Ligand SMILES: Cc1cc2nc3c(=O)[nH]c(=O)nc-3n(C[C@H](O)[C@H](O)[C@H](O)COP(=O)(O)OP(=O)(O)OC[C@H]3O[C@@H](n4cnc5c(N)ncnc54)[C@H](O)[C@@H]3O)c2cc1C
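Residue numbers (my numbering): 1 to 460.
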């Protein structure tokens, strides 16, 4: 870094600005498994410090890359053009307004700590990404994170009432208000949700809470094939049943779990994990109804959790899936496509055809309740010709998904991982509009540059 820049940062943050190799390495990666070293790391404690950092970076034309816990899957927190990693994890205060059912949080608050604070006063913050034990709310908002409970409760955007955002012109604004209703002016709050740290730096958030359901009850339903399970999902949704969590895992996931010594009866082709919540006395009947609907789709076994501990162990099993499938290859292309829930069977049929035609190992699991399926292409990177084959397969997948009325990303975001696929979903006109919005908020292109938007098409 330029020595005058270093001097200004040291003066502002003292030992919370660092350029040591250790700090740079610690802030160089996310769950995408790529490592790009930032030139320096800043750890602000207040939004005033964030604003001062923006002003210094603007003066010295240093890119700023906001960072929470660095567990994103799309490379959003990587310093692709060098510059400063702005680690917001120390701004992690949480307070609960019980009277108004609102949580006020710093961007570095860990998701599970918000859950605990809400539950301590019998409230619920529903979004529950599988990474919630480490992810920050700033990262959740910037990626519009979802989780199993999205089936009933929706994703992060449904819970963001207001945001304070530090902008690249050195100003700081509050967008929205912690109110249940507010239609004054353009609604800019949602623009920042899912903007992947490219439009502004979230320094505070007000989140909607809901009353905690009295009880929840979970079950595991095993099916002959993934197609049977996916038809069962469509039937459950079409029957108007409203599970609070509804997740699927295919036979590859089941194999991995067995290899890791988890007890799973028989050799089913897929398992659905289903939770219902509400008044305790109503739950067994709700699960019976789900079981009855599923029984029309080659249901092999139905297992209901017998106590709270067993209930939670089903969801621990689900959270373990992402790392556990790494045994299928040294490289994972972890896609998070979404289709209308009625098209989930078509997606599973298409993935099966891709497996047959390409010989690739494609592992599927995820948020069946909201149509968001993790399609993981697993391979060893040293296999000759594998890169091109995987790339072509992904293009076919995204083309199909968008053709079904779906989206190339349900929760991981675009970052650097999916920029090259954006044209499957967006026209050049739409991309230009997005570039113009970016330009408005960040005219010098210093905030998380090189993310989301592909380069404009070159005119002849
Ligand atoms: C095992 C595993 C399971 C996962 N399961 C899920 C899941 O179920 N659902 C899901 O949605 N995701 C999941 N993820 C992905 C990831 O956890 C989420 O994207 C999460 O929101 C990232 O949070 P983070 O704090 O780590 O953000 P980071 O990775 O640090 O950053 C992510 C993006 O947010 C931006 N950002 C961070 N903080 C701010 C801020 N204050 N202001 C502006 N921009 C900011 C960064 O610049 C970057 O673009 C999973 C990841 C792993 C490793």
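Glycine is no exception: its CB is placed at the ideal position from the N, C-alpha and C atoms. No experiment lies behind these values; they were computed from the predicted model shown.
Cα atoms of residue 153 and residue 244: separation of roughly 7 Å, rounded to the nearest angstrom. Shown here, residue 408 sits in coil according to DSSP, grouped into three states, outside any helix or strand. Taking 7 Å as the cut-off, the Cβ atoms of residue 348 and residue 221 do not count as close. Taking residue 272 as the centre and dropping the five residues before and after it, the same chain places the C-beta of 221, 229 and 248 closer than 6 Å to its C-beta, in chain order. Taken through DSSP and simplified to helix, strand or coil, residue 422 comes out as helix. Rounded to the nearest angstrom, the gap between the Cα atoms of residue 5 and residue 92 is 27 Å. Non-local C-beta neighbours of residue 38 in its own chain, meaning closer than 7 Å and more than five positions away in sequence, comprise 24, 27, 28, 65, 79, 82, 83, 84 and 85, ordered along the chain.
Excluding the 5 residues flanking it on each side, residue 204 has same chain C-beta neighbours closer than 6 Å at 164, in chain order. At least one heavy atom of ligand 1 lies less than 6 Å from the C-beta of residue 88.
According to the DSSP assignment, residue 174 belongs to the beta strand (DSSP E) that extends over 172-176.
Residue 98 counts as exposed, since fewer than 16 other C-beta atoms from the protein chains shown sit within 10 angstroms of its C-beta. With a contact defined as Cβ atoms closer than 8 Å, residue 109 and residue 94 qualify at about 5 Å. Between ligand 1 and the CB of residue 73, the shortest heavy atom gap is smaller than 6 Å.
Put simply, the segment 128-141 touches the segment 195-214. At least three CB pairs are less than 8 Å apart.
Secondary structure at residue 381: coil, using DSSP grouped into helix, strand and coil. Counting along the chain, the unbroken beta strand (DSSP E) around residue 220 starts and ends at 215-223. Between ligand 1 and residue 122, a heavy atom-to-CB distance of less than 6 Å is absent. Beta-bridge partners assigned by DSSP to residue 206: 104 and 162.
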